[in-house]
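Have a look at the structure below before the remarks.
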Amino acid sequence: MFRSSLAVVVLVLVVPLIALDGAAARAQSVLDVMTFNIRTAAGRDGEDAWSLRRDLVVETIRASAPDLIGMQEALDSQIEYLQAALPEYRWLGIDRGLNGGVGLSEYTPIFYRYSELSPIESGNFWLTDTPDTPPLRTSGRRRRSGGRIVTWARFHHRLSGQQIYAFNTHFTLRRGAPQLASAELVAGRVAALPAGTPVVVLGDFNNDAEVSDTWRVATGHGLRDVWVEAAETHGPRSTYGDFGPPRPDLTERVDWILVDGPILVRRAETVVHNDEGRFPSDHYPVTAVLEVQ
51 MFRSSLAVVV
61 LVLVVPLIAL
71 DGAAARAQSV
81 LDVMTFNIRT
91 AAGRDGEDAW
101 SLRRDLVVET
111 IRASAPDLIG
121 MQEALDSQIE
131 YLQAALPEYR
141 WLGIDRGLNG
151 GVGLSEYTPI
161 FYRYSELSPI
171 ESGNFWLTDT
181 PDTPPLRTSG
191 RRRRSGGRIV
201 TWARFHHRLS
211 GQQIYAFNTH
221 FTLRRGAPQL
231 ASAELVAGRV
241 AALPAGTPVV
251 VLGDFNNDAE
261 VSDTWRVATG
271 HGLRDVWVEA
281 AETHGPRSTY
291 GDFGPPRPDL
301 TERVDWILVD
311 GPILVRRAET
321 VVHNDEGRFP
331 SDHYPVTAVL
341 EVQ
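This is how it looks when you write it as structure tokens:
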């Protein structure tokens, strides 16, 4: 009788400790990510101009507190403002050369919380037939680089000790062949990484997930869509809101987070954070809680 009672006591004490150890291990492997088209400051947006919503962009990021953010349509001035307002983050990326690096200098930057992630290497490639060479365009009497770009980085995740690749991009509005070529290129670059590598792809893909050929090609080499895989999803399916709340005529999910490798998707959300009807962008940011296994 005494031995039985002792065994019960041991089980009562040990099982919770095992559960706590498991929870602690999972907490150490969690990575919170966000893709966010912040809408260029060069747009003629009237009451939704960057100067009137930039603090709401900061507030939206702070509320979600992601470890990793892929931004799109970010100009020099916007990056400078966000870097100053969010000192817990650093960023990687280059100007894609829309105006020769002067004035309209647009990036697809990766912001990362440097207390959680440490970059090991990073780079960029272009969504063209010669992805490792910046494309040249003729404008008046001068030739300048310009084109859609992918910024990538390999990070050391401090808590888990894992190495994680992140890719961030913004596809062209031209659907069909141009998007399909871009999707094939990105998917191919990810597929070329060593098997079992944790990968996160963030972006505004300018096409509807799950139903478009662009999505089918992008996910054709093993990349998985977090919205499809998540144990739970929150918010509307649509990620384009035109600076307003969700509408029945705006249904496309154009902002995606894709993953590859040993990653469990706990949660995905389309974030509709706003301040009395003012929204931070014409796109809603999308977040995901990932567990790197």
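Each residue of the sequence shown is one higher than the one before, counting from 51 in the numbering used here.
Ideal Cβ positions, reconstructed from N, Cα and C, are used throughout, including at glycine.
Values in this document were obtained by computation on a predicted structure and should not be read as measured data.
Residue pairing of ASP254 in beta bridges, as defined by DSSP: HIS220, ASP305. Ranked by Cα distance from GLY246, the first of GLN212, ALA231, ALA233 is GLN212.
For LEU314, the secondary structure class from DSSP, reduced to helix, strand or coil, is strand. LEU252 and LEU167 have their C-alpha atoms roughly 16 Å apart.
For LEU102, the enclosing alpha helix (DSSP H) stretches over residues 100–114. For HIS220, the number of other beta carbons within 10 angstroms of its own is at least 16, and it is reported as buried. Your pair ALA318 and VAL249 does not check out as a contact, with CB atoms roughly 16 Å apart and the cut at 8 Å. Per the DSSP secondary-structure output, PHE175 pairs in a beta bridge with VAL200. Taking the Cα of THR264 as reference, the smallest distance to any Cα among ARG303, VAL315, THR289, ALA135 is reached at ARG303. A Cβ-Cβ distance of about 15 Å is found for the pair LEU273 and LEU230, leaving them out of contact under the 8 Å criterion.
Out of GLN343, VAL322, LEU340, VAL342, the CA that lies nearest to the CA of GLU109 is found in VAL322. Put simply, the stretch 125–138 touches the stretch 86–99. At least three CB pairs are less than 8 Å apart.
Distance from the CA atom of ILE119 to the CA atom of VAL261, rounded to whole angstroms, is 25 Å. DSSP places TYR131 inside the alpha helix (DSSP H), whose first and last residues are 126–135. Non-local C-beta neighbours of ILE214 in its own chain, meaning closer than 6 Å and more than five positions away in sequence, comprise PHE205, HIS207, PRO248, ordered along the chain. When C-alpha distances from GLY291 are compared across VAL278, VAL267, VAL336, the shortest belongs to VAL336. Within its own chain, the residues whose Cβ lies closer than 7 Å to the Cβ of LEU223, once the five positions on either side in sequence are excluded, are ASN256, listed in chain order. For TRP306 and TRP176, the gap between their C-alpha atoms comes out near 19 Å. Apart from the 5 residues on each side of it in sequence, ARG103 sits with its Cβ closer than 6 Å to the Cβ of PRO330 in its chain, given in chain order. Judged by DSSP secondary structure, ARG140 falls within the beta strand (DSSP E) whose first and last residues are 139–142.
Pairing ARG140 with TYR164 gives a Cβ-Cβ distance under 9 Å.
Comparing C-alpha distances from ALA134 to each of GLY147, ALA113, ASP145, PHE161 shows the shortest one belongs to PHE161. The DSSP-derived three-state label of ARG266 is helix. For the pair ALA233 and GLY226, the Cα-to-Cα distance works out to about 11 Å. By the C-beta density criterion, GLN343 is exposed, having fewer than 16 other C-beta atoms within 10 angstroms.
Rounded to the nearest angstrom, the gap between the Cα atoms of ALA113 and LEU235 is 34 Å. Here ARG239 carries a helix assignment [DSSP, helix/strand/coil]. Excluding the 5 residues flanking it on each side, ILE144 has same chain C-beta neighbours closer than 8 Å at TYR157, ASN174, ILE199, THR201, in chain order. Separation of PHE293 and GLN122 (C-alpha to C-alpha, rounded to the nearest whole angstrom) is 16 Å.
The C-beta distance from LEU340 to VAL83 rounds to 6 Å, short enough to fall under 8 Å.
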